[in-house]
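I have placed the structure first, in the form of structure tokens, so that the comments after it can refer back to it.
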Amino acid sequence: DVAARAAAAGLAMRISDAEWQWDRQRLTVYFTAERRVDFRGLVRDLAARYRTRIDLRQIGVRDEAARLGGIGRCGREFCCSTWLTQPGPVNLGLAKDQRLSLNPAQISGGCGRLLCCLKYEHQFYVEARKRFPKEGRIVTTLQGEEKVIAVDPLREQVALRGADGTTRSLPLVRFTAETRAARGEGTVGT
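Just so we're on the same page, my numbering is the position in the sequence shown counted from 1, plus 2.
As structure tokens, then:
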């Protein structure tokens with residue numbers, strides 16, 4: 003009914019949610035809009051219709067997703083509707099640091115903005131990358147000189163390409179042991 007009345011008034015707003023105060027003395031209506039909306043006429047109309055105080059609140063798309071909830075691309079409930087109470091700013095640099103696709107369809111949440119989880123997972127990737135060699139670096143292992151072609155902090159793997167073009171992937175622990183052994187600083191266990 004509220005959405006229909008807003009549309010009839012010609013207001014460019016989308017009603018997101020509405021809730022009564024426990025004693026039904028106030029009706030709070032949440033909405034999203036591209037720009038500011040003069041909704042004074044709508045408030046008077048709703049107050050007469052429901053015979054109570056009306057509170058219209060414009061919220062952002064992230065706030066709307068948090069209020070309404072939903073399931074994210076990870077298969078879990080939206081972080082913002084369960085535990086993430088203060089989502090900070092999220093920018094494309096966070097996706098770049100995590101080596102994610104920069105395709106907006108793949109890194110956008112239910113609200114259409116960049117995934118909030120990019121923010122809270124970022125520190126893990128920054129810390130994990132410190133333990134890995136830089137991609138493109140030439141390293142000496144027991145196989146000879148090899149180029150680091152990829153690192154995977156989640157799986158703790160380092161991918162290498164030898165001078166003969168063969169590639170191999172090994173755990174970070176084994177990679178570290180091989181490079182130390184190649185420098186004469188230890189041996190590699192089996």
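The C-beta atom is built at its ideal place from N, Cα and C for all residues, glycine as well. Only a predicted model underlies this, so the values are computations on that prediction, with no experimental measurement involved.
For a test of the three-state rule: what should DSSP assign to residue i, helix, strand or coil?
i	result
D166	coil
T2	In the structure as shown, the chain starts at 3 and stops at 192, and residue 2 therefore has no counterpart that could be examined.
T87	coil
F126	helix
Q23	coil
A49	helix
A11	coil
Q60	strand
A161	strand
R37	coil
R16	strand
In the DSSP assignment, find the alpha helix (DSSP H) that holds residue i and state where it starts and stops.
i	result
K149	First-last for K149: G146 to D154, but that is the beta strand (DSSP E), not the alpha helix (DSSP H).
T178	L174 to A184
L70	V63 to L70
L94	L94 to D99
Between the options, which lies nearest to residue i when the distance is taken from Cα to Cα?
i	options	result
Q60	T34, W85, R53 and G74	T34
Y32	A68, A50, R157 and F177	A68
T142	H124, E158, P155 and R163	R163
D154	K136, A50, A165 and Q145	K136
G62	R115, V175 and A6	R115
A97	L44, H124 and G112	H124
A165	R75, K149 and T178	K149
S110	D25, R46 and R64	R64
V39	Q100, R55, I17 and L174	I17
I56	P173, Q27 and I73	Q27
T168	T181, Q145, R176 and E180	Q145
P91	Y122, R78, R37 and Q108	Y122
Buried or exposed: which applies to residue i, given that a residue is buried once 16 or more other Cβ atoms fall within 10 Å of its Cβ?
i	result
V128	exposed
F134	buried
L48	buried
P106	exposed
E147	exposed
E187	exposed
C113	buried
Looking only at its own chain, which residues have a Cβ that is under 7 Å from the Cβ of residue i, when we skip the five neighbours before and after it?
i	result
D19	Y32, R69 and L70
Return the chain-ordered list of same chain residues with a C-beta closer than 6 Å to the C-beta of residue i, the five sequence neighbours on each side being excluded.
i	result
Y52	L29
Can you tell me where the beta strand (DSSP E) with residue i in it begins and where it stops?
i	result
I140	I140 to T143
Using a beta-carbon distance below 8 Å, is residue i in contact with chain D?
i	result
T142	The structure shown has no chain D; it contains just one protein chain.
Using C-beta distances below 8 Å, list every residue in its chain close to residue i, excluding the 5 sequence neighbours before and after it, in chain order.
i	result
L104	L94, A97 and K98
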